[in-house]
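Enquirer:
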Amino acid sequence: MENLIALLVAAPLLGAVVLLCGGRRLDKAGHWLGTLLALGSFVVGVVLFLDMLGRDGEDRAMHQHLFSWIPVGGFQADVAFQLDQLSMTFVLLITGVGSLIHIYSIGYMEHDERRRRFFGYLNLFLAAMLILVIADNYLLLYVGWEGVGLASYLLIGFWQHKPSAATAAKKAFLVNRVGDMGLSIAIMLMFTTFGTFAFGDVLAATGAETSGAAAPVSEGKLTAIGLMLLLAACGKSAQVPLQSWLGDAMEGPTPVSALIHAATMVTAGVYLITRSGAIFNGAPDAQLAVVIVGAVTLLFGAIVGCAKDDIKKALAGSTMSQIGYMILAAGLGPIGYAFAIMHLVTHGFFKAGLFLGAGSVMHGMNDEVDMRKYGGLRKYMPVTFATFGLGYLAIIGFPGLSGFWSKDKIIEAAFAYDDGIRGWIFGGVALLGAGITAFYMTRVMLMTFFGEKRWQPTPDPHKDPSAEPAADGHGGEMPHPHESPKSMTIPMIVLAFGSVFAGGLFSLNESFVKWLEPVTAFEHPHPVISVPAITGATMVVLVIGVAIAWFMYGKRPVPVTAPRGSLLTRAARRDLLQDDFNHVVLVRGGEHLTRSLVYVDHTLVDGVVNGTAASFGGLSGRLRKLQNGYARSYAVSMLGGTAVLVAATLLMRAV
Amino acid sequence: MSDVVNAGFPLLTATAAVPALGAIATAAVPAAKRTAAKWLALFFSLVTLALAVAVGIRFNTGAEDRYQLTESHSWIADFGVRYELGVDGIGVALIGLTALLIPFIIVAGWHDADPQETGTATDSSVAAGRWRPTQGFFALILMVEAMVILSFEATDVFLFYILFEAMLIPMYFLIGGFGDRAHAGSDENAAAQRSYAAVKFLLYNLVGGLIMLAAVIGLYVVAGTFSLSEIASLRASGELEMATNTERLLFLGFFFAFAVKAPLWPLHTWLPNAMGEATAPVAVLITAVVDKVGTFAMLRFCLQLFPGASEWATPVILVLALISIVYGALLAVGQRDIKRLVAYASISHFGFIIMGIFAMTTQGQSGATLYMVNHGISTAALMLVAGFLISRRGSRLIADYGGAQKVAPVLAGTFLIGSLATLSLPGLAPFVSEFLVLVGTFTRYPVIGIIATFGIVLGALYSLVLYQRTMTGPVKLEVAKMPDLKLRELLVVGPLIVLLVFLGVYPKPVTDLVNPAVKDTLSDVYPGDKTPDPEPEVAAK
Amino acid sequence: MNPVNYLYLASLLFAIGATGVLIRRNAIVVFMCIELMLNACNLALVAFSRMHGNLDGQIIAFFTMVVAAAEVVVGLAIIVSLFRSRHSASVDDASLMKL
Amino acid sequence: MSATAVHSLWTTNGLWATAAEPVAKIDSPQIEYSLIAPTLIVIGAAILGILIEAFVPRKSRYYVQLFLSVVALVAAFAAVVALAADGRGTTSSGIVAMGALAVDGPALFLQGTILLAGLVAIFTFAERRLDPEAHGNRVDSFAAQAASVPGSDSEKAAVRAGFTTTEVFPLALFAIGGMLVFPSANDLLTLFIALEVFSLPLYLLCALARRKRLMSQEAAVKYFLLGAFSSAFLLFGIALLYGYAGTVSYAGIADVVDGTVQNVNPALAGTMGNDALLLIGAALILMGLLFKVGAVPFHMWTPDVYQGAPTPVTGFMAAATKVAAFGALLRLLYVVLPGLRWDWRPVMWGVAIATMLLGAIVAITQTDIKRLLAYSSIAHAGFILAGVIATTPDGISSVLFYLGAYSFVTIGAFAVVTLVRDAGGEATHLSKWAGLGRRSPLVAAVFAVFLLAFAGIPLTSGFAGKFAVFKAAAEGGAGALVVVGVISSAIAAFFYIRVIVLMFFSEPKPEGPTVAVPSPLTMTAIGVGVAVTLVLGVAPQYFLDLANQAGVFVR
């Protein structure tokens with residue numbers, strides 16, 4: 000069985016290599032090959048899953064050691080895989096949703112002449128993401144970590160001829176690199192502290208520490224490692240302060256947004272923190288930091304989501320905030336890990352579904368993304384409407400749907416952070432977030448599918464007509480919305496099912512928690528107020544949120560051009576000025592720095608050398624003058640020289 | 000060990016002699032037979048590669064004696080100079096790198112030295128065929144290869160010094176004589192800049208070399224011999240007593256020369272000019288092959304001859320290396336010229352190498368050695384593709400490009416992989432070495448290690464900015480008709496990329512080769528068998 | 000008489016000759032000054048020879064005269080040819096080559 | 000005065016004691032002719048050359064003279080080799096000719112070097128293919144008739160008549176003869192005579208250029224006046240030393256200086272105490288030799304004379320004179336004045352440093368190739384001085400080696416200069432050398448080799464020599480000198496490189512100079528230069544051994 004693990008990665012990797020090196024002759028069948036390999040990987044995953052279920056909780060984890068990677072002295076890095084319940088959860092999510100989105104893309108990218116490459120990139124992403132989640136040491140995880148970064152870079156910038164896309168891709172990669180810095184520093188710290196960075200050893204060592212046993216590691220070290228890991232998570236999962244790239248990442252094709260920037264990659268941070276639970280358990284301060292980051296992002300994303308008119312950006316904001324929930328949960332320790340992962344999975348379903356829905360809408364609307372130019376689409380694309388609606392209900396946590404189960408648990412856990420003020424604060428934040436979520440999702444729903452048509456002829460000036468091949472030949476016409484082809488709707492339906500039932504399924508006598516317990520450990524949260532009260536409160540804020548949204552966008556007609564809006568709204572439209580800050584401080588500052596350095600290098604560093612050369616030249620020129628051609632002056636110098644010679648000799652004797 | 004081991008076929012000598020002969024043969028080819036000269040040069044470089052492989056096979060990683068395949072003959076007894084050769088793992092790795100890259104350089108520069116129709120063609124002597132640039136070009140490349148390989152093999156300080164200096168001359172003619180034709184500005188302007196770059200290169204390195212000469216003489220006065228092995232035995236038997244200050248002065252003399260060659264901030268300014276003005280293959284020759292002699296020499300000579308002084312100087316050198324890393328990266332961001340950008344990137348990378356060497360840990364030095372190899376390959380890949388790009392558009396300015404990805408996807412793809420290697424993406428070779436260097440530094444000097452980690456962000460910055468500006472965005476008019484990579488060019492880039500991936504996934508062969516040598520070097524600096532690597536707080540289970 | 004005085008005299012003559020070389024322009028005169036210096040040397044030699052009571056100094060003096068004669072031959076030849084081609088025997092005019 | 004006192008001139012220490020009672024007969028001085036054969040051969044050939052000038056018809060003079068000089072030089076060299084083989088340089092070296100000459104290692108080594116250099120130089124003297132034929136007869140680089148006024152009818156007539164100044168051969172032979180004596184002179188008188196014997200012919204040779212005669216004559220005048228001036232100082236120094244020691248033989252003076260002299264007579268006792276005599280005298284003699292070496296501040300004649308003299312003569316002077324002068328300098332410092340080491344070493348330090356730096360720095364801005372080489376020769380004098388100062392056997396041998404290596408590079412370089420010509424004769428202005436590498440890669444490459452040797456790039460003789468000298472200096476405790484030397488070589492490298500850049504990397508000018516195809520004579524000269532440069536660069540061991548064996552002065 001173990002030997003199958005490598006196959007998980009091998010299949011999509013093969014696909015990537017073949018598709019990217021294969022050349023044009025693969026254009027015909029490339030997308031099918033890619034999809035098949037993704038599905039194959041999924042099948043392998045399922046097989047392993049069933050095999051895993053066959054064994055009982057403790058020895059479910061599987062290992063496969065391939066070869067020794069970097070052996071240098073004490074530094075022993077291996078290419079080895081570890082498949083335990085946590086990894087398995089991710090494997091299924093990634094390959095499952097991944098396959099669906101492959102299928103979806105077949106239709107969505109139909110008119111793109113570079114579809115083969117697109118699928119190659121998708122397979123590359125799958126491979127990298129799988130390496131990330133089944134690596135058995137941090138360095139190999141790092142490989143996957145940057146691998147998904149690369150895939151995301153390639154896919155965001157897939158339409159490279161759009162400068163905006165290229166810039167967004169670069170931005171994403173750079174911001175992620177900042178996070179990766181954290182990860183590599185964390186690995187170095189682990190190496191210096193434990194002499195290794197394999198999950199087993201590190202976590203065992205820290206585990207021993209936390210249980211007060213032998214081999215004590217200073218809490219400070221653990222905190223440092225924890226914070227560095229958090230930095231990494233922030234980068235990958237678009238958490239404040241490294242969240243700025245996610246919004247721009249929406250430049251990529253919609254399936255990419257669905258798979259990478261909603262369902263899987265952006266959740267890698269959550270995986271990292273959960274995986275490193277033992278370390279965080281030993282470092283409460285680091286945990287607090289995690290919780291704060293989660294809480295802040297939760298609100299940040301939600302607020303941004305409220306203000307965006309671009310449907311994908313609105314969803315991106317929501318993604319941010321949902322991941323905020325997960326991070327928050329992961330920061331809570333054993334009471335949160337399981338719920339974080341659970342929300343991660345359910346979110347994977349409904350957010351992917353929502354994005355695919357959005358994609359379907361855009362597909363029908365000549366790639367219009369401005370929700371103010373939608374309206375009343377429910378008649379024209381019923382399937383999209385239905386699936387999108389279910390996803391909507393799921394995310395706002397409508398009772399009985401997936402989001403309800405997972406998010407409420409997180410809110411409870413937040414209230415249980417500790418039985419003091421903290422519990423109230425973070426519980427309150429989580430609760431508030433639920434309300435805002437309800438508001439902005441309702442807003443999206445209303446603006447898109449209800450109200451009167453506000454369609455505009457495409458293309459509108461600030462968009463490159465040839466931006467998406469689907470728009471070819473539609474230039475300047477009124478959109479005529481239509482339901483998308485089967486290849487696109489089926490995945491949406493499947494995901495809709497997931498977003499409806501997954502949560503309930505997981506919560507049946509806590510099956511999911513039990514499933515994860517051997518890996519993450521689990522304690523029952525003890526909230527500061529009773530659980531029913533929390534549920535009730537959640538329902539209340541939910542209703543309030545929906546109501547406000549209905550009053551603003553349901554009752555009143557939605558203006559096609561956005562009103563100026565309040566200060567907060569305007570700030571939120573610009574990602575709460577975070578980008579402006581980056582631009583002013585980092586970009587401008589950087590440019591000035593480099594420019595001045597270039598100057599310094601040329602004038603100072605180089606100048607010094609050239610200066611010496613020049614000064615020698617000048618000296619030479621002056622000494623030359625002594626050679627004035629007059630024999631008698633030569634004689635003078637001779638006589639003088641002799642005098643000096645004699646004097647010196649006598650002097651030598653004198654002293 | 001000196002006299003006993005001359006048994007068997009002098010493989011090391013042969014490895015250096017073959018390209019030397021090749022140089023002579025190539026130079027002798029009559030003017031009309033330009034193509035023949037090219038093939039001849041390629042043939043000899045391939046034979047050299049085969050011999051290098053043979054060296055790698057004959058080299059026994061397990062053996063306990065430090066230098067293998069040794070040869071030793073008396074040469075200038077009066078100066079105490081012997082013709083002593085021998086390789087350790089590091090030497091083997093670098094010889095391999097050199098022998099590997101030269102064929103690619105030759106193929107990549109296939110047409111770089113064809114006489115131009117304009118310019119000198121009118122000159123009578125050209126018609127008379129006395130002026131044979133093509134033959135000269137390839138002959139010089141082979142000559143450089145011979146000297147570099149021999150300098151990796153030399154275990155006699157004087158012999159090394161001679162090669163270290165002598166290799167400047169052919170390099171000088173390569174830079175000054177065969178400039179990049181894609182030059183902004185008039186021809187004479189180009190010629191002026193080119194000879195400026197060549198002279199700058201030569202003078203910087205000559206001054207470094209002369210200062211080293213003083214130190215070499217000083218070493219002889221102190222030690223009375225130039226043979227590494229003898230010096231080692233003298234030190235072991237305690238007969239060699241260097242006064243602390245003497246040792247430090249001598250160390251500085253040596254290190255200065257190597258730091259110029261490497262190049263280390265602030266002695267770096269010759270590199271951008273040289274790489275900018277030279278043709279892409281020659282630029283690769285400079286940064287991927289010749290400069291490695293500098294870093295190699297730090298490892299082989301500075302640490303072995305002056306362990307105490309090396310340890311004494313470490314903090315300063317580490318700081319300089321750190322500056323090189325950040326400074327080089329920042330300047331790379333600020334460049335307008337593709338090749339200068341790559342040059343500054345190389346400066347940043349040399350910073351990493353030097354930092355790894357002087358971190359004085361197993362990881363650091365193994366990483367540094369690995370880095371030399373990987374940097375050689377990755378820079379070669381990036382620079383050569385850049386050269387192909389430049390040769391198509393006839394300009395080195397980044398601003399003149401844009402959207403090339405759409406018209407020449409293969410070229411763009413290879414260029415991207417090159418860039419990714421430069422920013423040391425995991426899975427590609429440079430990542431392994433860079434991470435090893437960082438870890439090795441971090442274990443001993445955490446702060447420096449952390450600051451150096453910023454380098455990976457900056458690396459990503461300049462690599463991606465370069466890719467974005469040249470390859471993406473709307474297609475520029477001049478770029479629109481740009482052809483994709485030809486077969487010859489693909490043959491150059493393809494193998495390099497395969498190597499990058501292979502060494503990124505499975506570097507074990509190289510690390511196994513290098514580790515023992517590094518252990519020996521470290522045991523020079525830290526006498527006794529205690530490992531210099533700091534122990535982790537917690538013993539892993 | 001104290002032989003040292005001869006030495007002083009010789010030195011004086013030598014100095015005079017040297018000064019002449021420096022201040023006179025005419026090549027011939029300059030050359031004569033050099034001859035004066037040589038003769039100063041001769042005086043010194045002879046004086047010392049007398050002091051030490053061996054003849055080495057005097058012999059050298061004779062040789063010096065011969066050498067001086069030879070120098071005259073060569074020197075005049077050169078100076079004359081220079082004079083004929085420039086119509087001036089001034090050393091300062093002969094300054095084509097400088098810097 | 001008794002006749003025996005005359006004797007005392009030829010003997011190492013005055014026979015004052017025996018001079019009292021009268022002697023019956025003068026025993027004739029005993030001369031070991033075989034041991035001074037080289038000198039005798041050359042001088043004899045020179046005298047024969049004069050007779051040839053007198054009696055052989057003009058047509059055939061050139062060939063006869065050339066033949067004679069070559070034969071003489073070869074024979075002399077053979078004699079030197081024979082002596083060396085006979086162990087005269089090492090085991091059985093000794094003082095000959097009644098103490099006038101020393102036959103020892105340095106002497107023989109330098110004589111050999113001078114003879115070879117002279118031979119090569121004679122080849123360049125005899126070159127007659129470079130200048131275009133004048134009125135159907137080949138011409139060399141010497142004036143048709145030195146006596147005739149430049150541009151005058153008589154000159155034209157002389158040219159038309161196809162006159163050639165074949166006197167150059169005997170003159171050169173005389174000079175060489177003097178140079179052979181100079182480094183082996185073992186008393187001050189011989190030193191002085193030898194100096195004059197090789198200087199006077201050189202003055203004349205300088206004046207004999209065929210082209211640019213005004214400059215040539217100016218060079219001669221300057222060289223002559225300054226040379227005579229310096230030799231006056233030398234002579235005064237000799238007088239003072241004689242006054243101090245009461246003898247002119249090196250050994251005798253050394254004894255007095257060291258205070259190891261036997262039978263001190265009252266007069267000597269009086270002067271011995273007077274260090275001023277000794278020091279001033281020594282300083283003046285040093286000055287005279289440093290002038291010939293071309294050391295700062297006695298260097299100023301060098302550029303002008305090198306530029307004005309006919310190029311073959313310049314090469315000859317630059318090589319042979321330096322060798323001879325350094326030989327004499329070595330002997331003086333190591334045999335006569337070792338006792339004064341602590342007095343002259345600091346002074347020489349200063350001179351060496353000044354020479355190295357000034358030579359290198361001023362050369363940077365030179366525009367005439369011959370002046371450039373002149374300044375470079377000054378810088379090299381500085382390097383050699385560093386070896387002289389070492390005052391160790393290594394120092395001696397390193398200097399000997401350096402001189403050998405340097406002289407051939409120099410002659411070769413100047414020989415190349417004679418090849419690059421335009422309408423006005425040799426094109427010595429640097430700007431005209433632009434793009435030479437394109438026009439005639441071979442010549443440019445050869446010149447580049449010489450320049451690299453001057454710059455001391457490894458694998459050339461220049462590097463081996465420089466290394467030997469610096470090594471000796473460092474071991475002799477003159478580390479600082481080595482550093483200065485290294486710095487100045489760095490500066491010097493700059494202008495050598497500049498010339499190479501000019502030749503190879505700059506576009507040739509349309510009206511640039513042409514490269515004349517020389518006769519086998521010059522080819523040999525250049526070929527020998529290149530060969531020696533490379534051999535001494537790659538495998539110097541044999542010659543280093545030679546220099547080592549030769550590195551001991553007899554006293």
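Protein chains in written order, with numbering that gives the first Met the number 0: chain A, 0 to 654; chain B, 0 to 540; chain C, 0 to 98; chain D, 0 to 554. Note that beta-carbon positions come from the ideal geometry of N, C-alpha and C, so glycine has one too. From a predicted model like this one, the values you see are computed outputs, not experimental measurements.
#1: What is the DSSP secondary structure of proline 70 of chain A, counted as helix, strand or coil?
#2: Quick one: is proline 490 of chain A buried, meaning 16 or more other Cβ sit within 10 Å of its Cβ, or exposed?
#3: Which residue wins for smallest C-alpha separation from leucine 99 of chain A, given the options A/Trp31, A/Leu153, A/Leu154 and A/Trp158?
#4: How about valine 608 of chain A: is its C-beta nearer than 9 Å to some C-beta of chain D?
#5: Leaving out five residues on either side along the sequence, give the residues of the same chain with a beta carbon under 6 Å from the beta carbon of glutamine 362 of chain B.
#6: Just checking: is the beta-carbon of isoleucine 33 of chain C within a distance shorter than 9 Å of some beta-carbon in chain D?
#7: What's the C-alpha gap between tyrosine 241 of chain D and glycine 56 of chain C?
#8: How would you call arginine 23 of chain A, buried or exposed, if buried means at least 16 neighbouring beta carbons within 10 angstroms?
#9: Smallest Cα separation from alanine 40 of chain B: which of B/Ala261, B/Leu218 and B/Leu20?
#10: For aspartate 135 of chain A, report the span of its beta strand (DSSP E) as first-last.
#11: Considering only residues of the same chain and omitting the five flanking positions on each side of isoleucine 121 of chain D, which have a CB-CB separation below 8 Å?
#12: Just to make sure I have the definition right: I need the residues of chain D whose C-beta is within less than 8 Å of the C-beta of glutamine 75 of chain A. Which are they?
#13: Using a Cβ-Cβ distance cut-off of 9 Å, determine whether glutamate 166 of chain D contacts chain C.
#14: Threonine 121 of chain B to lysine 470 of chain D, Cα distance in whole Å?
#15: Closest to glycine 352 of chain A by CA distance: which of A/Val303, A/Met325, A/Val292 and A/Leu314 is it?
#16: Can you list, in chain order, the stretches of the alpha helix (DSSP H) that have 4 or more residues and sit fully within the region 357–430 of chain A?
#17: Closer than 8 Å, Cβ to Cβ, to anything on chain D: give me those residues from the region 609–621 of chain A, in chain order.
#18: On the DSSP letters alone, give me the boundaries of the alpha helix (DSSP H) that alanine 277 of chain B sits inside.
#19: So is glycine 358 of chain A buried or exposed if we call it buried at 16+ other beta carbons inside 10 Å?
#20: If you compare alpha carbons, which of B/Ala13, B/Ala342 and B/Phe151 is closest to phenylalanine 43 of chain B?
#21: Using a Cβ cut-off of 9 Å (strictly closer), state whether valine 29 of chain C contacts chain A.
Expert: In terms of the structure at hand:
#1: Here proline 70 of chain A sits in strand by DSSP.
#2: With 16 or more neighbouring CB atoms inside 10 Å of its own CB, proline 490 of chain A falls in the buried class.
#3: Leucine 99 of chain A has its Cα closest to that of A/Trp31, out of A/Trp31, A/Leu153, A/Leu154 and A/Trp158.
#4: No, no contact with chain D.
#5: Cβ neighbours of glutamine 362 of chain B beyond the five flanking positions: Leu435, Val438 and Gly439.
#6: With a threshold of 9 Å between beta carbons, isoleucine 33 of chain C makes contact with chain D.
#7: Cα-Cα distance, rounded: 7 Å.
#8: By the neighbour-count rule (16 or more Cβ atoms within 10 Å), arginine 23 of chain A is not buried but exposed.
#9: When each option's Cα is compared against that of alanine 40 of chain B, the closest is B/Leu20.
#10: Careful: aspartate 135 of chain A lies outside any beta strand (DSSP E) and carries neither H nor E.
#11: If we look at isoleucine 121 of chain D and ignore the five residues flanking it on each side, its Cβ neighbours are Leu65, Ser68, Val69, Leu72, Phe168 and Ala171.
#12: Under the 8 Å cutoff, chain D gives no residues; its nearest Cβ is about 44 Å from glutamine 75 of chain A.
#13: So no, glutamate 166 of chain D is outside the interface.
#14: Residue confidence for threonine 121 of chain B is low, a pLDDT of 44 falling below 50, so the modelled location carries little weight and cannot support an answer.
#15: Ranking the options by Cα distance to glycine 352 of chain A, first place goes to A/Leu314.
#16: Here the runs fully enclosed are 381–395 and 401–414.
#17: Those residues of the region 609–621 of chain A placed with their C-beta closer than 8 Å to a C-beta in chain D are Ala612, Phe615, Gly616, Leu618, Ser619 and Gly620, ordered along the chain.
#18: Premise fails: alanine 277 of chain B is in no alpha helix (DSSP H) and is neither H nor E.
#19: Under a 10 Å Cβ-count criterion, glycine 358 of chain A is classified as buried, with 16 or more other Cβ atoms of the shown protein chains found around its own Cβ.
#20: Nearest of B/Ala13, B/Ala342 and B/Phe151 to phenylalanine 43 of chain B, Cα basis: B/Ala13.
#21: For valine 29 of chain C, the closest Cβ of chain A is nearer than 9 Å.
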